[in-house]
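Peer 1: Count the sequence shown with the numbering used here and you get residues 9 to 274, in order.
Before I ask anything, here is the structure I am working with.
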Amino acid sequence: MSLIHTSAVVEDGAILGDNVSVGPFAYIGPNVKIGDNTTVAAHAVIEGHTTIGKNNRIFSHTAVGTIPQDLKFAGEHVELIIGDNNTIREFTLLNPGTEGGGSITKIGNGNLLMGYVHLGHDVIIGNNCILANGATLAGHVELGNHVVIGGLTPIHQFVHIGDYAMVGGASALSQDIPPFCLAEGNRANLRGLNLTGLRRAMPREEINALKAAYRELFEEGNPLQEVAQTILENTSSEKVKQLCEFIMTSKRGIPFTRTKTNEDKK
9 MSLIHTSAVV EDGAILGDNV SVGPFAYIGP NVKIGDNTTV AAHAVIEGHT
59 TIGKNNRIFS HTAVGTIPQD LKFAGEHVEL IIGDNNTIRE FTLLNPGTEG
109 GGSITKIGNG NLLMGYVHLG HDVIIGNNCI LANGATLAGH VELGNHVVIG
159 GLTPIHQFVH IGDYAMVGGA SALSQDIPPF CLAEGNRANL RGLNLTGLRR
209 AMPREEINAL KAAYRELFEE GNPLQEVAQT ILENTSSEKV KQLCEFIMTS
259 KRGIPFTRTK TNEDKK
C-alpha cells in the first residue's frame, strides 16, 4: 500500500512500490519509479525518467530529475538512477544525464546529500558518500565510495575523486583527488592522507603502506607518474596499487605542491 497525501500529484504512469509515502503538495511525474519504503516529503518534485530504489528519504523542496542545466539538451531520453538507503535533504537539485555524457546520472547506496547540494548532469556517485550543505558538483564529476565533500565546495566538471577521499569545506576543486587522500583550499591542494577515515575502514598495516607510498609520491620531489609506476610494480598492497593506478590514469592532474629538494634550494 502506498501512502499518498490527498494534495500530492502522482501522474498516471508513475510506479510506486510498497509503503511509499508521498507528502502534501509533492509532485511525481509519469516516468518516475520509486522503490519500497521510500518517503517523499512535502513540496518535493520528482520528474523525468527517474528511478529511485528502496528505503530512501527525500525531504521537502527537493528537485529530482528535472532537465539538465546544459544548453545542448534538446529533450532527448536521459535518466537519473538512485540506489537504496539514501538521504536527500532539503532544496537538493539532482539532474539526469545528457546524450554527450552517457545519458545517465547515477547515485549509489547509502549516501547522505545535505541541504542545497547540487549534482549536475552525468555525475556518478558511489556508495556511502557524504556531501555537506551547499556542495555543488558540475557535470561529469565522478566520486568513488566513502567520499566526503565539505560544505560550500564547488567541484569542476570532469573531476574524479577516489575512494575514501575527503575534500575540506569551502574549497574549490578543479583537479582529481586520489583515493585515501585529504585535500582543501582554494584552489584545493593535497594535504595528506584522510587518516580519520582510513582508521575507521582498514587495518594499520594498510594505512602504513599508504603512508609510505604517499611520502614517496608527493614529498620527495620526483616525477609523479614515474614514481607511481615504480611503486605499482613493487608493492603487494592492493590499496597502494589502487592509489598508483588512479594517479597514472588521471586526466585532470593531481593538485599538490612539490616538496623542494636540496638541489632546488641551491
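We put the beta carbon where it would ideally sit given N, CA and C, even for glycine.
Can you find the residues in the same chain that come closer than 6 Å, C-beta to C-beta, to Tyr124, ignoring five residues on each side of it along the sequence?
Peer 2: Within the same chain, Tyr124 has close Cβ partners Phe99, Asn141 and Gly142.
Peer 1: Check whether the segment 151 to 163 and the segment 71 to 89 are in contact - that is, three or more C-beta pairs closer than 8 Å.
Peer 2: Flag = no, the segment 151 to 163 and the segment 71 to 89 do not touch.
Peer 1: Does DSSP put Cys137 in a helix, a strand or coil?
Peer 2: Reduced to three states, the DSSP call for Cys137 is coil.
Peer 1: Taking the alpha carbon of Ser258 as the reference point, which residue from Leu11, Ile90 and Ile169 has its own alpha carbon closest?
Peer 2: Of the candidates Leu11, Ile90 and Ile169, the one whose C-alpha sits nearest the C-alpha of Ser258 is Ile169.
Peer 1: Would Thr58 and Gly73 qualify as a contact pair, given that the criterion is a beta-carbon distance under 8 Å?
Peer 2: Yes, the pair counts as a contact, with Cβ atoms nearer than the cut-off.
Peer 1: Which same chain residues end up closer than 8 Å to Asn270 when comparing Cβ atoms and leaving out the 5 residues on each side of it in sequence?
Peer 2: Confidence at Asn270 is low in this model, with a pLDDT of 43, below 50, so its placement is unreliable and no value can be given for it.
Peer 1: Name, in chain order, the residues that DSSP records as bridge partners for Met174.
Peer 2: The partner list for Met174 (beta bridge, DSSP) reads Val156 and Leu190.
Peer 1: For Pro162 versus Ile255, is the C-beta spacing smaller than 8 Å?
Peer 2: Cβ distance not < 8 Å, so Pro162 and Ile255 don't count as in contact.
Peer 1: Grab the span of the alpha helix (DSSP H) containing Asn64 for me, first residue to last.
Peer 2: Premise fails: Asn64 is in no alpha helix (DSSP H) and is neither H nor E.
Peer 1: If you run the structure through DSSP and keep just helix, strand and coil, what is Gly110?
Peer 2: Here Gly110 sits in coil by DSSP.
Peer 1: Just mark Leu88 as buried or exposed, buried being the case when its beta carbon has 16 or more other beta carbons within 10 Å.
Peer 2: With 16 or more Cβ atoms within 10 Å of its Cβ, Leu88 is classed as buried.
Peer 1: Using DSSP with H/G/I as helix, E/B as strand and the rest coil, what is Lys274?
Peer 2: Note that Lys274 scores a pLDDT of 39, beneath 50, so its modelled location is shaky; the value from the coordinates is reported in the next line. Residue state, collapsed to three classes: coil.
Peer 1: Just to confirm, is the Cβ distance from Gly134 to Gly116 under 8 Å?
Peer 2: Closer than 8 Å, so yes.
Peer 1: If you follow the beta strand (DSSP E) that Asn94 is part of, which residue opens it and which one closes it?
Peer 2: No beta strand (DSSP E) holds Asn94; DSSP gives it neither H nor E.
Peer 1: Should Lys80 go down as buried or exposed, given a rule of 16 or more other Cβ atoms within 10 Å for buried?
Peer 2: Answer is exposed; the Cβ neighbour count stays below 16.
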